[in-house]
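Novice: Take a look at this one; I'll ask things after.
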Amino acid sequence: MTDPFVAGVVLVFTIITFCLYSIVVRERDIKRLPPGPKGVPVLGNIRDFPPKGVPEFQHWLLHKDLYGPMSSVRVLGQTIILIHARDAAHEVLTKSSSKTSDRPASEFATNLCGYDRLFVLRGDDKRFRRCRKLVHQHLGTKTTAAKFDHDQNLATHQLLLRLLTDPDGLFNHVGQHSSGTVLRITYDYTISETKKDPLKTAKQFRKVAEQMANVPYRFVQQHMASGTYKESFVSGLIKQLREETTQCETLTARDEDEIKSTAAVMYLAGAETIVTAIRVFILCMILYPEVQREAQEEIDRVLGPNRLPSASDLESLPYIDALVKESYRWSPAVPLGLAHCTSEELWYDGYTIPKGAIIMPAVWYFLHDPHVYDTPDRFDPSRFLEPRNQRDPRSDVFGYGRRQCPGRFLAHTFLFLTFARILASFDIRKAVDEQGRDMDVKLELGSGIGCFPTEHPYAITPRSEAHANMIRRVAAGRLNKAADTDYLHVEAIMHEWE
0 MTDPFVAGVV
10 LVFTIITFCL
20 YSIVVRERDI
30 KRLPPGPKGV
40 PVLGNIRDFP
50 PKGVPEFQHW
60 LLHKDLYGPM
70 SSVRVLGQTI
80 ILIHARDAAH
90 EVLTKSSSKT
100 SDRPASEFAT
110 NLCGYDRLFV
120 LRGDDKRFRR
130 CRKLVHQHLG
140 TKTTAAKFDH
150 DQNLATHQLL
160 LRLLTDPDGL
170 FNHVGQHSSG
180 TVLRITYDYT
190 ISETKKDPLK
200 TAKQFRKVAE
210 QMANVPYRFV
220 QQHMASGTYK
230 ESFVSGLIKQ
240 LREETTQCET
250 LTARDEDEIK
260 STAAVMYLAG
270 AETIVTAIRV
280 FILCMILYPE
290 VQREAQEEID
300 RVLGPNRLPS
310 ASDLESLPYI
320 DALVKESYRW
330 SPAVPLGLAH
340 CTSEELWYDG
350 YTIPKGAIIM
360 PAVWYFLHDP
370 HVYDTPDRFD
380 PSRFLEPRNQ
390 RDPRSDVFGY
400 GRRQCPGRFL
410 AHTFLFLTFA
420 RILASFDIRK
430 AVDEQGRDMD
440 VKLELGSGIG
450 CFPTEHPYAI
460 TPRSEAHANM
470 IRRVAAGRLN
480 KAADTDYLHV
490 EAIMHEWE
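Numbering of the sequence shown is given in numbering that gives the first Met the number 0, commencing with residue 0 and proceeding in unit increments.
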């Protein structure tokens, strides 16, 4: 029989050996990570994170200078990889997307708030891939996105009329314009001008995830049943999946849930991105009046004074198209991109990127790299025209690999129409204080994952009385016919659902 003392010694020795081996392996793997600051035990690099009030993308720029184009930090055992080299970002996130298309897990967002229903926040699983395929089929090309030009046409007419009748409410109008257009395209739902809209104001963690998934979906179902609907993103998906299913008229629970998920993402993600770009545009028209004048000159020369630009004019107005691109580049909506997560370990340029690592591409820096964009801090649309032809920012601002935004063509057309029609109709300039002095403005960003310009003083007026009359003429009789009906319909559905 083995001496119990000897057996105990062997057991303790085995445990100690295993622990030492684990520490050695862990330290070896850490040494293979991209360089970064030395952390403290257990907490890692928690003291290296951005202080309150400092935008993350600005803080992490210091790591590029200290540690090179790819660096790493570790917090409580979680590895975060920061990429400040565009080629590396595309190599890791696009060419190796089979290993880097996951999303970081979040107990708060996933289980407590219910945001796992939103497919863009899900991991790279079957549900994500199926939802993304559905969106791509209905929005992922210029041809499919063009189906919704009419909705965007009506929405921009509505915005012009709001700006004409209530210029002091510019920022509210921009928010309503973006969210209202996405609701119209997604559900054929028209926001009410006169009432506190239930879909526009639903903003409460789990409740918003549930309401934005269920209520407008029921709205579309009931409109389709009545035979009085116009095709929207959701009705198109319902028709497609009904044709594909063996029951013909009955969708499976999975089909319905995935339609709800893709549609809710359209609203919750798309509207915020559009607001950011329009706010950048407004600010830069004040800061760079020469850009505004050149844009207006192109519109007047190509289209004349008697009609508004349309989506079909995009190729005829290259400076306006370049202005939209410059709005993406100058202050991107998500300066560090939406974080990716690795599902497998991979190697890049001699470094290990471990399984489960969070990857953050420095989109803002890619779009302000002085080796690519001369005078990168200047708002200059002509950089995208002949003869300069600098790199199109859309290859970075709309994401990478399997996570690239499938609504990018729709968003670009929408912003082109919005910018072109505002410039065709209005002058935007500095506000004047009570003493008659110009009020200076500057770019001030909020902090967090998404950074959008804060509100600032402005003045917006019609370019002439003829332009004001054109807005009234175009808008007359077309706008908001269904808003009150849609409002009452959704109110009833919300009470029923609750």
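Glycine included, C-beta positions come from ideal geometry on N, C-alpha and C.
So Ser71 is in the beta strand (DSSP E); what residue range does that whole segment cover?
Specialist: 69-74
Novice: What is the DSSP secondary structure of Cys340, counted as helix, strand or coil?
Specialist: strand
Novice: On the criterion of 16 or more Cβ atoms from any shown chain inside 10 Å, does His370 qualify as buried, or is it exposed?
Specialist: exposed
Novice: Between which two residues does the beta strand (DSSP E) containing Arg428 stretch?
Specialist: 425-428
Novice: Measuring CB atoms only, is the segment 282-296 touching the segment 312-322, in the sense that at least three cross pairs come out at less than 8 Å?
Specialist: Contact holds between the segment 282-296 and the segment 312-322, because three or more Cβ pairs, one in each stretch, are under 8 Å apart.
Novice: Once the 5 residues before and after Gly38 are set aside, which same chain residues still bring their CB inside 7 Å of it?
Specialist: Asn44, Arg73
Novice: Can you tell me where the beta strand (DSSP E) holding Ala458 begins and where it ends?
Specialist: 458-461
Novice: Can you say whether Gln77 is buried or exposed, counting buried as having 16 or more other CB atoms within 10 angstroms of its CB?
Specialist: The residue in question, Gln77, is exposed, as its Cβ has fewer than 16 Cβ neighbours within 10 Å.
Novice: Would you report the Cα separation of Glu243 and Arg377, rounded to the nearest angstrom?
Specialist: Cα to Cα, Glu243 sits roughly 51 Å from Arg377.
Novice: Please report how far the alpha carbon of Arg241 lies from the alpha carbon of Ile190, in whole angstroms.
Specialist: 28 Å
Novice: Tell me whether Thr453 is buried or exposed, calling it buried when 16 or more other Cβ atoms sit within 10 Å of its Cβ.
Specialist: exposed
Novice: Any contact of the segment 175-191 with the segment 324-338, i.e. 3+ C-beta pairs under 8 Å?
Specialist: no
Novice: If you count every other CB in all the chains shown that lies within 10 Å of the CB of Ala270, and 16 or more means buried, which is it?
Specialist: Looking at its Cβ environment, which holds 16 or more other Cβ atoms inside 10 Å, Ala270 is buried.
Novice: Would a C-beta distance cut-off of 7 Å place Thr93 and Tyr399 closer than the cut-off?
Specialist: yes
Novice: Between the Cα of Val473 and those of Leu158, Asp124, Pro36, Ala144, spot the shortest distance and give me the residue it belongs to.
Specialist: Leu158
Novice: Return helix, strand or coil for Pro386, following the three-state DSSP convention.
Specialist: coil
Novice: Mapping DSSP to helix, strand and coil, what is Thr78?
Specialist: strand
Novice: May I ask you to list the residues that DSSP assigns as paired with Gly43?
Specialist: Val39
Novice: Ignoring anything shorter than 4 residues or poking outside the segment 139-203, list the alpha helix (DSSP H) runs there in chain order.
Specialist: 141-144, 148-164, 169-186
Novice: With the cut-off set at 7 Å, would you say Leu163 and Ala467 are in Cβ contact?
Specialist: yes
Novice: If we ignore side chains and look at the alpha-carbon of each, how far apart do Ile470 and Leu366 end up?
Specialist: 36 Å
Novice: Is DSSP giving Pro317 helix, strand or coil here?
Specialist: helix
Novice: Exposed or buried, Thr142, counting other C-beta atoms within 10 Å across all chains shown (16 or more means buried)?
Specialist: exposed
Novice: Which residue wins for smallest C-alpha separation from Pro392, given the options Lys324, Thr412, Val431?
Specialist: For Pro392, the nearest C-alpha among the options comes from Lys324.
Novice: Does the beta-carbon distance from Met219 to Val233 come in below 7 Å?
Specialist: With the sequence shown as reference, residue 219 is identified as Val, and Met is not the correct amino acid for it. Between Val219 and Val233, the C-beta spacing is below 7 Å.
Novice: Return the chain-ordered list of same chain residues with a C-beta closer than 8 Å to the C-beta of Glu90, the five sequence neighbours on each side being excluded.
Specialist: Tyr347
Novice: According to DSSP, which residues form a beta bridge with Ile358?
Specialist: Ile80, His339
Novice: Would you identify the three-state DSSP class for Val53, choosing helix, strand or coil?
Specialist: Coil at Val53, not helix or strand.
Novice: Would you kindly check if the distance between the Cβ of Pro308 and the Cβ of Arg420 is under 7 Å?
Specialist: yes
Novice: Fully enclosed by the segment 269-306, which beta strand (DSSP E) runs are 3 residues long or longer?
Specialist: Counting only runs of at least 3 residues, the segment 269-306 fully encloses no beta strand (DSSP E) element at all.
Novice: Classify Gly406: buried if its beta carbon has 16 or more other beta carbons within 10 angstroms, exposed otherwise.
Specialist: buried
Novice: Mind checking which residues open and close the alpha helix (DSSP H) that includes Thr99?
Specialist: 96-99
Novice: Exposed or buried, which one is Pro40 when buried takes at least 16 other CB atoms within 10 Å?
Specialist: exposed
Novice: On a Cα-Cα basis, can you pick out the residue from Ala361, Ala145, Thr251, Leu250 that is closest to His62?
Specialist: Ala361
Novice: Can you give me the start and stop residues for the beta strand (DSSP E) that Leu236 sits inside?
Specialist: No beta strand (DSSP E) holds Leu236; the alpha helix (DSSP H) holding it covers 232-243.
Novice: Alpha carbon to alpha carbon, how far is Phe48 from Ala276? Give it in angstroms, no decimals.
Specialist: 27 Å
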